Every structure is written in structure tokens, then in C-alpha cells.
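Keeping their order, the protein sequence lines are chains W and F. The first sequence maps to residues 397 to 533 in this note's numbering. The second sequence maps to residues 397 to 533 in this note's numbering.
Number of protein chains: 2
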Amino acid sequence: MKLNKTILKSPGSRMTSQRALVFDIISRGGGHLGADEIYARARRKNPRISLSTVYRAIGKFKELGLVAESHLGQEHHHYEAVHNGNHFHLVCIGCGAVIEFEYPLVKRVQDEVARAGGFKVVSAEMNLSGYCRQCGG
Amino acid sequence: MKLNKTILKSPGSRMTSQRALVFDIISRGGGHLGADEIYARARRKNPRISLSTVYRAIGKFKELGLVAESHLGQEHHHYEAVHNGNHFHLVCIGCGAVIEFEYPLVKRVQDEVARAGGFKVVSAEMNLSGYCRQCGG
DNA sequence: GTCCTTGCAAATGCTTTGCACGCTG
DNA sequence: CAGCGTGCAAAGCATTTGCAAGGAC
Numbered sequence: 397m398k399l400n401k402t403i404l405k406s407p408g409s410r411m412t413s414q415r416a417l418v419f420d421i422i423s424r425g426g427g428h429l430g431a432d433e434i435y436a437r438a439r440r441k442n443p444r445i446s447l448s449t450v451y452r453a454i455g456k457f458k459e460l461g462l463v464a465e466s467h468l469g470q471e472h473h474h475y476e477a478v479h480n481g482n483h484f485h486l487v488c489i490g491c492g493a494v495i496e497f498e499y500p501l502v503k504r505v506q507d508e509v510a511r512a513g514g515f516k517v518v519s520a521e522m523n524l525s526g527y528c529r530q531c532g533g
Numbered sequence: 397m398k399l400n401k402t403i404l405k406s407p408g409s410r411m412t413s414q415r416a417l418v419f420d421i422i423s424r425g426g427g428h429l430g431a432d433e434i435y436a437r438a439r440r441k442n443p444r445i446s447l448s449t450v451y452r453a454i455g456k457f458k459e460l461g462l463v464a465e466s467h468l469g470q471e472h473h474h475y476e477a478v479h480n481g482n483h484f485h486l487v488c489i490g491c492g493a494v495i496e497f498e499y500p501l502v503k504r505v506q507d508e509v510a511r512a513g514g515f516k517v518v519s520a521e522m523n524l525s526g527y528c529r530q531c532g533g
């Protein structure tokens, strides 16, 4: 498991059942889980886990680069496992659905803007909001 | 003033000195002000204005499409006056500077993704984080 | 055995809301 | 002069933190 290897490599960090659980939930999460939802799912497997543990686990994963945080809408944050650096979001205003997409052009924007501004890009986030097919665009 | 016209056109909304002040601050703000900073600046002109009034004014402006909200980093929201739909942000991890940029390619991404997914885009937000020239890329 | 991690509860900080008064249109 | 907007204070909610007990290595 990637988590295990990464945690073990990182000095001063330990693998625990809670972290494995939280990471598993985020990985399977199919995308864009809020902390509250991660917590709710975690409690189904381990009713004694606490919300602070969830937050601290997420914090550790972000620090290790395993999980990315996105800021969809004004509500709370969402988290997802990092697979590659180029995943972005369509958020439906009608039904709240979050659709993930990849697009190579995005990387080009990122590169060219970076070059023009002397700016070294570490991460990119792009959110388009609007209406999905069901909600009639 | 655009604010005045828009407010007056909108039924059930009134123009007040506080709203004019808040809108002026956001417009001149040179970009990316948090609610707290808008509040601080507003108090210099009108020490009796309250933070809730600032939030309510911003809420009204968002509703009228005069102001856009962006979600930079995990901290609080930032606001800026809407001039066109294609302004995006570089956020420096080192010094916290926010650099605004426009890029036509972005619109293309937006259009093509929208077409491919049957998704009608209403607004787009893109944040690149990394290091600016000063903070050494 | 060390010291990182957990659970609980309390604290924090941004944002929102209830209510009585004030001011716009 | 009706009804929206304001100011104040208190509430709400996601997230963070302190501390003692538990568990990984």
C-alpha cells in the first residue's frame, strides 16, 4: 500500500489503523469528500475514531503530498487522493455534482503563465461552475 | 457608477452609503481583499460600519454579479470586482502575494471541456500556487 | 522505552443571524 | 411612511489545539 510505504519513509510519522482507514476512504471516495463525510464513513468501520483524528490525518497526508485539498464553492473543503497533478473540477450549481476532468491544455496554460511571470508553479486548481447535462444547461 | 445603476435596477434593493463604500473599496482594492481587510478599510472612512454590514453588502454584490469570490488557499475568502470572466490567480506560497493574470487559452479549456461534457459553464476559477520571482522559484 | 498519535472537550476564527432602530425611495 | 438596511451582540459551524492516555517501532 502506497500509504504505508510513504508514511514509513517519512521520519517521525507512524502508521496507524486510523490513518489507514482515513486514507482508504479518501482513495475510494470517488472524488470529493468533505471532512464531515470522511468522518461519518470512518465511524462506520471504527466508531471510536474522532473528528480531530480525521483532520490530523488529512493534514499529514497533505503534508506528504498524498491528498489534495480543493475549495469548491464557499462551503467546506474537499479532499481527494492525488494520482497526477492535472485533475480539475466541474461543479454543478443545480445538483451539486462534482465532475472531475483532465485536460492537457490546462498544463500548457500553467506552463506558459509560469514562464511569462517567472513563477514556479507547485500546484494548480481549476474549478468551473455551471449546469450539468441533467440540470439543463 | 455601476453599483448605483445596478442596485437601483434590482427591485427591493437600496443604495446606502455603506454599500457604496464597500463597493468602492473592493473596486479600488487592486485585487484580492478578505472580508476583514475590507472591514478595516471601511472603518477608516466610516468608523461606525459593522462587519455584518460588510458581509451583507458583499453577499448582495455577489448576488448581483458585481463581485466575485475566490478561494485562495485554505484561508478565508477573497473578493474582487468583476470586470470580465477571465481573471485568474497565482498565489505565492513564500510571501503570500497574489498575482492576477488573464490568459485566452483558459477560455478555450473552459469551452472545450464544457462542450465535451455537456456542461454549461457559468464561471471559472483557477489558482496556481508556487513561488514568485522574489521568493526564488 | 520513547515519543508520535489518539480521543475528548474546549477553544478559535470566519461568517451568519435575530432584533430593534434608522434611513431610502 | 413602508420596508429594506444597519449595528450590535450572540449564535453557528468547520477546523484547531491542549492534555492525558494509548500504541507503533
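Where a beta carbon is used, it is the ideal one built from N, C-alpha and C, also for glycine. Note that this is a predicted model, so its numbers are computed, not measured.
Check	Outcome
Presumed contact (8 Å Cβ cut-off) between H474/W and S466/W, rounded CB distance	5 Å
Element boundaries [beta strand (DSSP E), containing L460/W]	Looking at the DSSP string, L460/W is not in any beta strand (DSSP E); the run it does join, the alpha helix (DSSP H), is L447 to L460.
Contact list for F515/W against chain F, beta-carbon separation under 8 Å	L486, C488, I495, L524, G526, Y527, C528, R529 and G533
Euclidean distance between Cα positions of R437/F and A520/W	31 Å
C-alpha gap between I421/F and V509/W, whole angstroms	28 Å
Interface flag, S519/W vs chain F, CB-CB below 8 Å	yes
Member of D432/F, A416/F and N523/F whose CA lies at the smallest distance from the CA of F497/F	N523/F
Under 8 Å between C-beta atoms of K401/F and G526/W	no
Closer than 7 Å: E459/F CB and nearest the ligand ATP heavy atom	Although the ligand ATP was asked about, the structure shown includes no ligands whatsoever.
Within-8 Å CB hit, H467/W to chain F	yes
Beta-carbon proximity of E476/W to A464/W, cut-off 8 Å	yes
Chain-ordered chain W contacts of Y499/F [CB-CB under 7 Å]	V505 and V509
Under the three-state DSSP convention, the category N442/F falls into	coil
L468/F versus A431/F - alpha carbon distance	13 Å
Alpha helix (DSSP H) segment containing I495/W, residue limits	Per DSSP, I495/W belongs to no alpha helix (DSSP H); it is in the beta strand (DSSP E), V494 to F497.
Cβ-Cβ distance between H485/F and I495/F below 8 Å	yes
Option nearest T412/W by Cα separation, candidates R452/W, C531/W and C491/W	R452/W
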